[in-house]
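Listed in order, the protein sequences are those of chains A and B.
My numbering puts the first residue of the first sequence at 1, with every later residue one more than the last.
My numbering puts the first residue of the second sequence at 365, with every later residue one more than the last.
What follows is a short report on a single structure.
2 protein chains.
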Amino acid sequence: MTSIAADPVDSVFVRACRGEPVEHTPVWFMRQAGRSLPEYRELRAEAGLSMLEACRRPDLVTEITLQPVRRHGVDAAVFYSDIVVPVAAAGVGVEIVAGTGPVVADPIRSTADLARIGRAEPADLSFVEEAVRMLIPQLEGTPLIGFAGAPFTLASYLIEGGPSKSHAKTKALMHSDPQLWHGLAERLAQITSTFLRVQIDAGASAVQLFDSWAGALSEADYRRFVLPHSAAVLQGIGPVVPRIHFGVGTAHLLTAMAEAGADVVGVDWRTPLDQAASLVADVVDLPVEGAPRLGARSRTVQGNLDPALLGAPWEVVDHEVRRVLAEGEAAPGHVFNLGHGVPPDADPVMLTRIVELVHKISVR
Amino acid sequence: MTSIAADPVDSVFVRACRGEPVEHTPVWFMRQAGRSLPEYRELRAEAGLSMLEACRRPDLVTEITLQPVRRHGVDAAVFYSDIVVPVAAAGVGVEIVAGTGPVVADPIRSTADLARIGRAEPADLSFVEEAVRMLIPQLEGTPLIGFAGAPFTLASYLIEGGPSKSHAKTKALMHSDPQLWHGLAERLAQITSTFLRVQIDAGASAVQLFDSWAGALSEADYRRFVLPHSAAVLQGIGPVVPRIHFGVGTAHLLTAMAEAGADVVGVDWRTPLDQAASLVADVVDLPVEGAPRLGARSRTVQGNLDPALLGAPWEVVDHEVRRVLAEGEAAPGHVFNLGHGVPPDADPVMLTRIVELVHKISVR
Chain A
1 MTSIAADPVD SVFVRACRGE PVEHTPVWFM RQAGRSLPEY RELRAEAGLS
51 MLEACRRPDL VTEITLQPVR RHGVDAAVFY SDIVVPVAAA GVGVEIVAGT
101 GPVVADPIRS TADLARIGRA EPADLSFVEE AVRMLIPQLE GTPLIGFAGA
151 PFTLASYLIE GGPSKSHAKT KALMHSDPQL WHGLAERLAQ ITSTFLRVQI
201 DAGASAVQLF DSWAGALSEA DYRRFVLPHS AAVLQGIGPV VPRIHFGVGT
251 AHLLTAMAEA GADVVGVDWR TPLDQAASLV ADVVDLPVEG APRLGARSRT
301 VQGNLDPALL GAPWEVVDHE VRRVLAEGEA APGHVFNLGH GVPPDADPVM
351 LTRIVELVHK ISVR
Chain B
365 MTSIAADPVD SVFVRACRGE PVEHTPVWFM RQAGRSLPEY RELRAEAGLS
415 MLEACRRPDL VTEITLQPVR RHGVDAAVFY SDIVVPVAAA GVGVEIVAGT
465 GPVVADPIRS TADLARIGRA EPADLSFVEE AVRMLIPQLE GTPLIGFAGA
515 PFTLASYLIE GGPSKSHAKT KALMHSDPQL WHGLAERLAQ ITSTFLRVQI
565 DAGASAVQLF DSWAGALSEA DYRRFVLPHS AAVLQGIGPV VPRIHFGVGT
615 AHLLTAMAEA GADVVGVDWR TPLDQAASLV ADVVDLPVEG APRLGARSRT
665 VQGNLDPALL GAPWEVVDHE VRRVLAEGEA APGHVFNLGH GVPPDADPVM
715 LTRIVELVHK ISVR
């Protein structure tokens with residue numbers, strides 16, 4: 001006898017993303033799957049595989065994605081992967097170095113270099129499709145969030161050759177050779193779109209586009225060099241599933257990030273959610289060729305507990321969670337999250353308590 | 365026969381800081397003295413001294429402070445030092461590790477630790493006084509900007525034990541033990557005030573308070589935990605010299621940073637100067653006990669070329685300098701600068717060309 005799992009489309013998380021009334025505020029954590037969990041560290045050590053190899057193993061991806069759902073009782077799973085997975089699948093030589101991040105042996109800095117980046121076709125990402133298909137039944141109705149890096153953040157890794165604080169080479173290239181920049185960003189938008197499309201087609205109920213470093217840009221540069229490409233990704237997906245758009249230090253970019261076509265804008269701890277909600281309210285999508293025009297519409301927000309406070313005593317966290325929830329009431333459909341990813345040294349017990357608290361005090 | 369040097373009080377830089385009409389836009393660069401200059405690297409290698417030792421040698425400080433004035437023809441010198449110099453003078457064990465930054469062997473995390481931080485008296489900083497007195501005549505009328513770190517940024521180094529991206533321990537301490545936090549910040553405000561006071565008394569014509577990491581805080585936390593202490597420093601100095609207040613990633617904090625008592629608010633490249641000018645216009649100083657009340661007043665802005673673009677071709681830099689100057693016209697008294705310090709690998713020739721361009725095209 002099999003029980004019929006609830007449809008993720010009817011879940012609290014997906015309905016909140018659509019701005020519909022929900023029974024309680026949904027909660028999940030960026031980077032909930034991974035480094036902060038002892039069961040993850042054990043599994044990785046046992047498997048003895050590199051990060052990219054692990055991301056290509058559907059059985060491991062499934063188990064790692066499920067771990068925080070089991071442990072914390074979060075309202076959504078997020079597909080375990082890395083933003084460079086589809087870039088590697090498109091032929092770029094990239095490794096993930098522990099303690100550093102993605103490292104690109106031959107950075108992309110000329111039109112000739114651009115030729116080394118192929119297209120990503122769904123067939124190149126069959127391991128992603130397989131992992132999502134394995135996951136869905138085991139999630140028993142918990143929605144799965146598809147995961148991808150945005151063109152700017154990906155481009156920065158490819159141009160700098162690794163993580164960068166200043167993004168100096170990336171910014172210099174944008175301004176000095178806009179044609180090469182837009183060529184690169186278009187190619188990355190295609191790769192990221194395919195990565196998300198494969199996850200949606202296999203059963204993901206929402207997607208989040210991570211533009212982690214977008215906050216390093218002025219609004220003028222963001223609008224000129226980045227927004228059209230992120231808009232092509234988000235609007236290319238269309239409104240079939242809710243689309244979350246996230247960056248750090250983006251107090252000055254929230255409206256533009258909504259215009260990209262986001263249904264939910266991720267907000268770090270620097271901007272109170274009530275302010276953020278008004279910055280993304282009634283924003284019109286940037287027109288994108290071939291994408292459906294949705295007109296002005298309200299969007300909701302996701303966030304925004306400061307992850308730096310996860311090491312503080314519980315009373316502090318309790319107080320801050322209540323403040324975030326109160327400010328989030330300004331946005332119909334607020335999704336509770338941290339303002340950035342779970343730090344590697346976070347105590348997972350704290351995360352479980354946060355989920356319990358959010359569920360308890362947000363009941364409507 | 366000696367010529368009588370112009371009084372720095374009448375300089376373009378000081379008058380601009382006061383919002384008075386000037387013949388051209390003044391320009392200087394944060395970190396103009398130091399790592400980017402080959403003559404600096406030579407001098408440091410020859411001297412064979414640590415960073416902190418060099419900061420205690422008036423002859424070296426004088427020469428290093430003068431180097432960029434000679435080379436670039438900037439409108440102001442900035443006192444060569446490090447933000448931890450007065451903290452070390454107050455008895456805290458701190459070293460500056462090349463490639464890392466300030467490292468504190470025994471971080472401050474309890475009330476008992478607080479007892480290890482003494483007061484800073486002018487006598488502890490006699491080497492600073494001596495350096496400024498040596499500098500003034502050699503500057504021949506070019507104004508000298510006094511230099512100090514703000515209580516929050518200093519506290520973060522002391523609590524974390526070194527540079528930190530997340531400031532997790534600092535934020536946890538603020539929220540969990542506000543009394544200890546305020547005790548620490550008050551002590552650092554006293555130390556920083558003495559450091560600035562010594563520089564002013566010896567002849568500095570302006571000061572800049574560097575709160576480099578303040579942008580990591582929400583406005584609510586900034587106002588609760590930081591603003592009163594930075595206000596005590598800036599308003600304790602009083603309006604005797606122009607006071608510049610600077611941080612990075614502070615798009616959400618510019619008004620609060622003006623309220624601290626700044627005459628000039630430093631702005632990074634993320635906020636256009638015309639927007640910044642309106643955020644600091646007609647702001648009232650936060651009341652500080654014992655400080656004169658100046659009432660609502662307009663302030664000017666400093667910045668904001670993205671230092672990441674210094675590696676771009678000259679045409680890009682030329683275009684961006686013109687844009688910054690055009691946006692700066694919204695603020696009477698705009699002081700041209702980068703949006704953050706000169707990167708170590710910057711080409712000094714580029715900086716000289718920027719000074720020439722700013723002087724040429726801003727003539728009124």
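No residue lacks a Cβ here, since even glycine has one placed at the ideal position from N, Cα and C.
Using C-beta distances below 7 Å, list every residue in its chain close to Ala695/B, excluding the 5 sequence neighbours before and after it, in chain order. Cβ-Cβ distances below 7 Å link Ala695/B to Leu637, Ala641, Thr664, Val665 in the same chain, with the five nearest sequence neighbours on each side left out; the list follows chain order.
key: First through last residue of the alpha helix (DSSP H) which encompasses Pro178/A   = Counting along the chain, the alpha helix (DSSP H) containing Pro178/A begins and ends at 178-202.
Is it true that the segment 332-347 of chain A meets the segment 30-48 of chain A, where meeting means three or more beta-carbon pairs spaced less than 8 Å apart?
Note that the segment 332-347 of chain A touches the segment 30-48 of chain A; at least 3 beta-carbon pairs, one per stretch, sit closer than 8 Å.
For Glu406/B, the nearest candidate out of Gln431/B, Pro450/B, Val719/B, Val597/B (CA to CA):
The candidate whose alpha carbon is nearest that of Glu406/B is Gln431/B.
So does the segment 604-616 of chain B actually touch the segment 562-575 of chain B, counting three or more Cβ pairs closer than 8 Å? With the cut-off at 8 Å, the segment 604-616 of chain B and the segment 562-575 of chain B touch.
- Can you name the start and end residues of the beta strand (DSSP E) that Pro151/A belongs to? Secondary structure note for Pro151/A: it is in no beta strand (DSSP E), and the uninterrupted alpha helix (DSSP H) holding it is 151-160.
request  = Measuring only between beta-carbons, confirm whether Met1/A sits less than 8 Å from chain B.
outcome  = At Met1/A, the pLDDT of 44 sits below 50, so the modelled position is not reliable; the number obtained from the coordinates is stated separately. Residue-level contact by beta carbon fails for Met1/A and chain B, as no gap is shorter than 8 Å.
ask   = Below 8 Å, can you find three or more Cβ-Cβ pairs linking the segment 498-509 of chain B to the segment 440-458 of chain B?
value = Flag = yes, the segment 498-509 of chain B and the segment 440-458 of chain B touch.
Requested in this report: With a threshold of 16 other CB atoms inside 10 Å of the CB of Thr426/B, please say whether the residue is buried or exposed.
Outcome: The residue is buried, with at least 16 neighbouring Cβ atoms inside 10 Å.
| request: Count the other C-beta atoms from every protein chain shown that fall within 10 angstroms of the C-beta of Met365/B, then say buried if there are 16 or more, exposed otherwise. | output: Here the model assigns Met365/B a pLDDT of 44, short of 50, so the residue's position is not dependable, and the following value carries that caveat. The residue in question, Met365/B, is exposed, as its Cβ has fewer than 16 Cβ neighbours within 10 Å.
Exercise for review: Along the beta strand (DSSP E) that carries Ala206/A, what are the first and last residues, could you check?
Suggested key: Here the beta strand (DSSP E) through Ala206/A covers 206-210.
Spatial neighbours of Ala281/A in its chain, beta-carbon cut-off 8 Å, leaving aside the 5 residues before and after: Result list for Ala281/A: Ser298, Arg299, in chain order.
Quiz item: Got a sec: which bits of the segment 149-169 of chain A sit with their beta carbon under 8 Å from any beta carbon on chain B, in order along the chain?
Solution: With the criterion set as a beta carbon lying under 8 Å from some beta carbon of chain B, the members of the segment 149-169 of chain A are Ser166, His167, Ala168, Lys169, in sequence order.
Runs of beta strand (DSSP E) wholly within the segment 645-683 of chain B (minimum 3 residues, chain order):
Segments of the beta strand (DSSP E) lying fully in the segment 645-683 of chain B: 664-669.
### Query
Of the residues Ile601/B, Pro402/B, Asp632/B, which one's Cα is nearest the Cα of Trp577/B?
Of the candidates Ile601/B, Pro402/B, Asp632/B, the one whose C-alpha sits nearest the C-alpha of Trp577/B is Asp632/B.
* Asked: DSSP beta-bridge partners for Pro466/B?
  -> Per DSSP, the beta bridge partners of Pro466/B are Ile460/B.
Could you pull the start and end residues of the beta strand (DSSP E) that Arg223/A belongs to? Careful: Arg223/A lies outside any beta strand (DSSP E) and carries neither H nor E.
### Query
DSSP beta-bridge partners for Gly600/B?
Note: Gly600/B sits in no beta bridge, so no partner.
- Message: Strictly below 8 Å CB to CB, what residues from chain A border Ser540/B?
- Response: What Ser540/B touches in chain A: Ala312, Pro313, Glu315, Val316.
ask   = If you follow the beta strand (DSSP E) that His609/B is part of, which residue opens it and which one closes it?
value = Per DSSP, His609/B is one residue of the beta strand (DSSP E) stretching across 607-610.
**Q.** Interface partners of Trp633/B on chain A, CB under 7 Å
**A.** Within chain A, the residues near Trp633/B are Ser218.
Note to self: Could you compute how far the alpha carbon of Val265/A sits from the alpha carbon of Ser582/B?
What the structure shows: The alpha-carbon separation between Val265/A and Ser582/B amounts to approximately 18 Å.
Give the residues of chain B in contact with Leu309/A, contact being defined as C-beta atoms less than 7 Å apart. In chain order: Lys535, Ala536, His539.
| request: Look up Val78/A in the DSSP assignment and give the residues it is bridged to. | output: Under the DSSP definition of a beta bridge, Val78/A partners with Ile145/A.
Let me make sure I understand the geometry here. Which of Ala89/A, Pro107/A, Leu135/A has the alpha-carbon closest to that of Arg119/A? Relative to the Cα of Arg119/A, the nearest Cα in the group Ala89/A, Pro107/A, Leu135/A belongs to Ala89/A.
Just to confirm, is the Cβ distance from Gly600/B to Ala655/B under 8 Å? Yes, the pair counts as a contact, with Cβ atoms nearer than the cut-off.
By the criterion of Cβ-Cβ separation under 8 Å, what are the contact partners of Pro102/A in chain B?
Simply none; closest approach about 17 Å.
Measuring CB to CB, does Val12/A end up less than 8 Å from Val22/A? The answer is yes: Cβ separation under 8 Å.
For Gln563/B, which option in Leu499/B, His616/B, His593/B, Leu518/B has the closest C-alpha, if you only look at C-alpha atoms? Closest by C-alpha distance to Gln563/B, out of Leu499/B, His616/B, His593/B, Leu518/B, is Leu499/B.
Exercise for the section: Scan the segment 608-621 of chain B for residues whose Cβ lies nearer than 8 Å to a Cβ of chain A and list them as they occur along the chain. Expected result: Flagged, chain order: Gly613, Ala615, His616.
_Local Cβ density within 10 Å of His683/B, reported as buried at 16 or more and exposed below that_ = Exposed.
Exercise for the section: Could you pull the start and end residues of the alpha helix (DSSP H) that Phe377/B belongs to? Expected result: Run containing Phe377/B: 376-381, per the alpha helix (DSSP H) assignment.
Exercise. Scan the segment 330-344 of chain A for residues whose Cβ lies nearer than 8 Å to a Cβ of chain B and list them as they occur along the chain.
Key: Using a CB distance below 8 Å, the part of the segment 330-344 of chain A facing chain B consists of Pro343, ordered along the chain.
Open item on the list: Quick check: Leu305/A and Val321/A, are their CB atoms within less than 8 Å of each other?
Closed with: Taking 8 Å as the Cβ cut-off, Leu305/A and Val321/A qualify as a contacting pair.
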